[in-house]
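This report refers to the structure that appears directly beneath it.
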Amino acid sequence: MLNKLLANALPYMPKKLIWIFSKRYIAGETIEDGLKASRELNKQGIEVTVDLLGEFISTIKEAEENRNKYIELIERFTSEGIVGHFSVKPTSFGLLIDKDVCYSNIEAVVLKAVEKKTFIRIDMEDSQCVDDELDMYRKLQQKYPANVGLVIQAYLRRTKNDLMNMSTIHTNGNPLNFRLCKGIYVEPKNIAFKAPEEIREHYLDDLRYMLDNNMYVGIATHDKHQIDNAMNIIKEKNIDKTKYEFQMLYGVTPELRSSIVKQGHKMRVYVPFGKDWFGYSTRRLKENPKMASHIVKALFFR
Ligand code: FDA
Numbered sequence: 001m002l003n004k005l006l007a008n009a010l011p012y013m014p015k016k017l018i019w020i021f022s023k024r025y026i027a028g029e030t031i032e033d034g035l036k037a038s039r040e041l042n043k044q045g046i047e048v049t050v051d052l053l054g055e056f057i058s059t060i061k062e063a064e065e066n067r068n069k070y071i072e073l074i075e076r077f078t079s080e081g082i083v084g085h086f087s088v089k090p091t092s093f094g095l096l097i098d099k100d101v102c103y104s105n106i107e108a109v110v111l112k113a114v115e116k117k118t119f120i121r122i123d124m125e126d127s128q129c130v131d132d133e134l135d136m137y138r139k140l141q142q143k144y145p146a147n148v149g150l151v152i153q154a155y156l157r158r159t160k161n162d163l164m165n166m167s168t169i170h171t172n173g174n175p176l177n178f179r180l181c182k183g184i185y186v187e188p189k190n191i192a193f194k195a196p197e198e199i200r201e202h203y204l205d206d207l208r209y210m211l212d213n214n215m216y217v218g219i220a221t222h223d224k225h226q227i228d229n230a231m232n233i234i235k236e237k238n239i240d241k242t243k244y245e246f247q248m249l250y251g252v253t254p255e256l257r258s259s260i261v262k263q264g265h266k267m268r269v270y271v272p273f274g275k276d277w278f279g280y281s282t283r284r285l286k287e288n289p290k291m292a293s294h295i296v297k298a299l300f301f302r
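Residue numbers (UniProt numbering): 1 to 302.
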């Protein structure tokens with residue numbers, strides 16, 4: 001209840017106050033900030049996936065501007081030798097305005113990734129976007145199999161079925177490449193599992209399925225118990241280190257992150273940055289009011 005009240009009040013709070021919370025989770029406003037955070041992570045043996053903030057748009061022109069900004073971003077990060085990938089949110093490229101324009105915009109970004117020998121991850125957004133995002137991945141995967149991947153949300157009731165359908169994609173030797181996360185958007189009961197234990201079980205079930213079907217998986221979670229379980233599954237199945245990685249969000253559970261790296265597993269950190277950090281932070285908190293408790297912690301434990 002308190003979390004919900006706090007989350008609703010956030011957009012009306014002074015920007016400076018929100019920044020106190022956000023600065024732990026956002027690399028900064030500029031490309032230089034994103035580069036700096038990525039370089040520091042690379043120095044610790046951690047790869048990155050970079051997200052340029054700025055999600056909700058209402059015109060094709062804004063979608064095209066985002067496409068151009070990402071192309072510039074890829075040019076800059078690769079020329080600076082950053083070891084990492086790029087994450088895109090299709091709604092920023094026009095998904096909710098015109099699907100075809102969105103596809104062309106994202107394809108242009110993927111083409112830049114092909115040129116620079118890097119990789120684009122399509123983030124998964126709320127349930128109204130899932131069909132289109134799966135579809136976009138299927139098409140792009142067929143054309144650029146080594147340069148594009150998708151996010152899978154374990155809390156969706158449909159996910160196992162989606163995975164089974166995708167397992168029939170003819171991959172020409174390139175494994176399908178997924179980031180497996182719990183799912184962050186608030187969805188109704190008929191669409192998503194709600195109980196934390198149920199989501200955890202489905203997460204592990206999806207993970208087993210991916211590993212059994214030769215899919216590359218980015219195990220994206222900060223849940224220690226879940227990480228231990230994932231490591232046990234990897235051990236039991238004797239999965240090679242080249243077939244999976246762990247992923248975490250910038251600023252979240254850094255000690256747990258280091259312990260995973262020390263054990264010799266590959267780690268990738270999601271690095272969000274950009275001028276729209278305020279919108280990003282307040283929207284995330286409205287979507288998931290439970291996260292508001294992190295603000296309180298951040299306010300007191302700086
Ligand atoms: P859980 O929510 O149980 O968190 C475990 C612990 O981690 C918490 O107790 C807390 O200590 C800490 N923690 C988790 N999140 C935190 C936060 N934001 N701030 C501070 N502490 C936090 N979702 C989605 O729907 N589409 C997507 O494309 C992505 N992409 C994505 C990329 C990467 C790299 C990660 C790690 C996550 C995502 N997510 C996502 C978000 C994901 O779905 C999920 O909501 C969060 O990772 C939180 O779930 P956990 O598995 O970490 O467990």
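Note that beta-carbon positions come from the ideal geometry of N, C-alpha and C, so glycine has one too.
Can you give me the Cβ contacts of residue i inside the same chain, cut-off strictly under 6 Å, excluding the 5 residues immediately before and after it?
i           : result
residue 209 : 163
residue 41  : 48 and 269
residue 137 : 122 and 150
residue 272 : 26, 51 and 53
residue 191 : 127
Compare the C-alpha of residue i against each of the options and name the closest.
i           : options               : result
residue 118 : 168, 105 and 73       : 73
residue 223 : 114, 254, 215 and 24  : 254
residue 112 : 132, 152, 148 and 123 : 148
residue 77  : 198, 39 and 246       : 39
residue 249 : 17, 22, 9 and 16      : 22
residue 31  : 158, 52 and 189       : 52
residue 167 : 206, 193 and 154      : 206
residue 93  : 108, 87 and 66        : 66
residue 104 : 139, 151 and 214      : 139
residue 194 : 141, 108, 155 and 83  : 155
residue 124 : 82, 88 and 28         : 88
residue 115 : 71, 126, 184 and 200  : 71
residue 143 : 159, 160, 213 and 106 : 106
Let me know the secondary structure DSSP gives residue i once reduced to three states.
i           : result
residue 177 : strand
residue 201 : helix
residue 34  : helix
residue 195 : coil
residue 86  : strand
residue 185 : coil
residue 252 : coil
residue 279 : helix
residue 216 : strand
residue 40  : helix
residue 64  : helix
Tell me, please, which residues DSSP counts as bridged to residue i.
i           : result
residue 52  : 273
residue 267 : 246
residue 70  : The partner list for residue 70 (beta bridge, DSSP) is empty, contrary to what the question assumes.
residue 95  : None; residue 95 has no bridge partner.
residue 120 : 86 and 148
Around the Cβ of residue i, are there at least 16 other Cβ atoms within 10 angstroms (buried) or fewer (exposed)?
i           : result
residue 277 : buried
residue 281 : buried
residue 259 : exposed
residue 220 : buried
residue 81  : exposed
residue 242 : exposed
residue 17  : exposed
residue 9   : exposed
Can you name, in chain order, every residue of its own chain whose Cβ lies under 7 Å from the Cβ of residue i, other than the five neighbours on each side?
i           : result
residue 95  : 102, 129 and 132
residue 203 : 154, 180, 182 and 226
Is residue i near the ligand GDP, with its Cβ less than 7 Å from a heavy atom?
i          : result
residue 37 : Annotation note on the ligand GDP: not contained in the displayed structure, which lists the ligand FDA as its ligands.
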